[in-house]
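What follows is a set of notes on a single structure, which appears directly below.
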Amino acid sequence: MPDSLIDFRLTQEPFYQSIHNEIELFESAFARRLPILIKGPTGCGKTRFVQYMAWRLKRPLVTVVCYEDLSVADLVGRWLLDANATQWQDGPLSQAARYGAICYLDEFVEARANTTVAIHSLTDTRRQLVLTACNQTVSAHPDFQLVVSYNPSVLSEEIRPATRQRFCALNFSYPTLEIETKIVAEESGLDTVRAHQVTHFGVSTRRLQGLGLEEGASTRMLVGAASLVVQGLSLHSACRMAIVDALTDVIPIHQALMLSLDAAF
Ligand SMILES: Nc1ncnc2c1ncn2[C@@H]1O[C@H](COP(=O)(O)OP(=O)(O)OP(=O)(O)O)[C@@H](O)[C@H]1O
Ligand SMILES: [Mg+2]
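Quick look at the structure:
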């Protein structure tokens with residue numbers, strides 16, 4: 001039988017630095033096929049973690065990035081008209097449920113509540129997806145697993161209790177300076193000494209969170225800055241370009257960040 005999810009299989013192990021016991025927790029939830037909700041600030045490793053777990057559990061990974069206008073049809077599928085006939089085309093959620101993938105709905109809170117309701121029958125004991133438009137009910141493959149993630153500090157609609165209570169949750173945050181330095185060094189190729197300097201500066205920006213800065217520099221930003229250093233920029237120029245100038249347009253906050261950058265490098 002052809003592998004319907006061949007395009008969704010990870011062929012290489014993604015680099016993932018574990019932070020606490022999240023790998024073990026995910027594996028326990030996966031063993032019982034409990035839907036998992038991952039929350040944490042931007043660029044802290046949520047997506048990378050899901051990719052790593054899919055690779056580790058040897059499951060294909062079907063990812064959907066949610067947005068406000070995402071429709072139920074975008075998730076479950078629609079009829080398509082070709083030259084001769086109309087044919088049903090599964091959406092990513094139906095495909096994952098039918099053939100046993102991990103379905104990852106990223107930025108979950110961006111989707112409207114009446115769209116996310118489509119997952120309800122899949123995420124309780126029924127484990128079924130009702131395709132009303134083609135009058136079919138798909139019973140989920142035993143390996144099917146649903147994972148969603150979002151950033152709770154982004155102001156958007158709350159998740160309804162009836163949706164939220166279908167999930168168990170993993171709370172992500174930025175790791176310790178030591179672990180984050182390791183991630184920055186590994187991802188960028190920068191030596192540990194300078195990766196530590198970049199990370200130390202990046203972490204200091206997080207103190208301005210809530211004081212005019214919505215969020216401090218993410219691990220993603222630190223990796224970006226470190227990559228610019230590998231490219232030949234000085235620590236000062238790289239951190240200015242990838243962190244300070246990118247983080248804010250608010251003049252007093254930018255000035256405060258510049259002072260701290262000048263002091264650091
Ligand atoms: N624990 C980690 N192990 C390896 N790389 C990491 C880790 N945490 C963060 N990173 C690095 O940070 C980058 C951003 O991580 P990722 O895309 O997973 O963030 P995210 O939490 O999904 O952010 P967003 O909410 O903005 O989508 C990754 O591409 C990787 O370089
Ligand atoms: Mg992400």
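Quick note: the sequence shown uses this note's numbering, first residue 1, plus one each step.
Every residue, glycine too, gets a C-beta built ideally from N, C-alpha and C.
| Query | Result |
| --- | --- |
| Are threonine 123 and proline 60 closer than 8 Å when you measure CB to CB? | no |
| Specify the secondary structure class of aspartate 106 as computed by DSSP and reduced to three states. | strand |
| Could you tell me the alpha carbon to alpha carbon distance between tyrosine 100 and valine 62, rounded to whole angstroms? | The sequence given here places glycine at residue 100; tyrosine does not occur at that position. Distance between the alpha carbons of glycine 100 and valine 62 is about 10 Å. |
| What does the alpha-carbon distance come out to for the pair cysteine 103 and glutamine 95? | 9 Å |
| In whole angstroms, what is the alpha-carbon distance linking leucine 93 and leucine 170? | 22 Å |
| For ligand 2, list every residue whose C-beta falls under 6 Å from any of its heavy atoms, going in chain order. | Lys46, Thr47 and Asp106 |
| Check whether the Cβ of arginine 194 sits closer than 7 Å to any heavy atom of ligand 1, and report yes or no. | no |
| Taking a contact to mean a Cβ-Cβ separation below 8 Å, would you say arginine 78 touches glutamine 87 in this structure? | no |
| If you check the beta carbons only, do alanine 140 and leucine 190 fall under 8 Å apart? | no |
| Is leucine 37 buried or exposed, if buried means 16 or more other CB atoms sit within 10 Å of its CB? | buried |
| Which residues in the same chain as glutamate 215 place their Cβ atom closer than 7 Å to its Cβ, once the five residues preceding and following it in sequence are excluded? | Pro41, Thr42, Ser153 and Gln209 |
| Please state whether the Cβ-Cβ distance between leucine 75 and glycine 91 is less than 8 Å. | yes |
| Taking its Cβ as the centre, do 16 or more other Cβ atoms sit within 10 Å of alanine 246, making it buried, or is it exposed? | exposed |
| Cβ atoms of threonine 47 and aspartate 106: under 8 Å apart, would you say? | yes |
| Starting from the Cα of arginine 160, find the closest Cα among Phe108, Tyr67 and Thr181 and give me that residue. | Phe108 |
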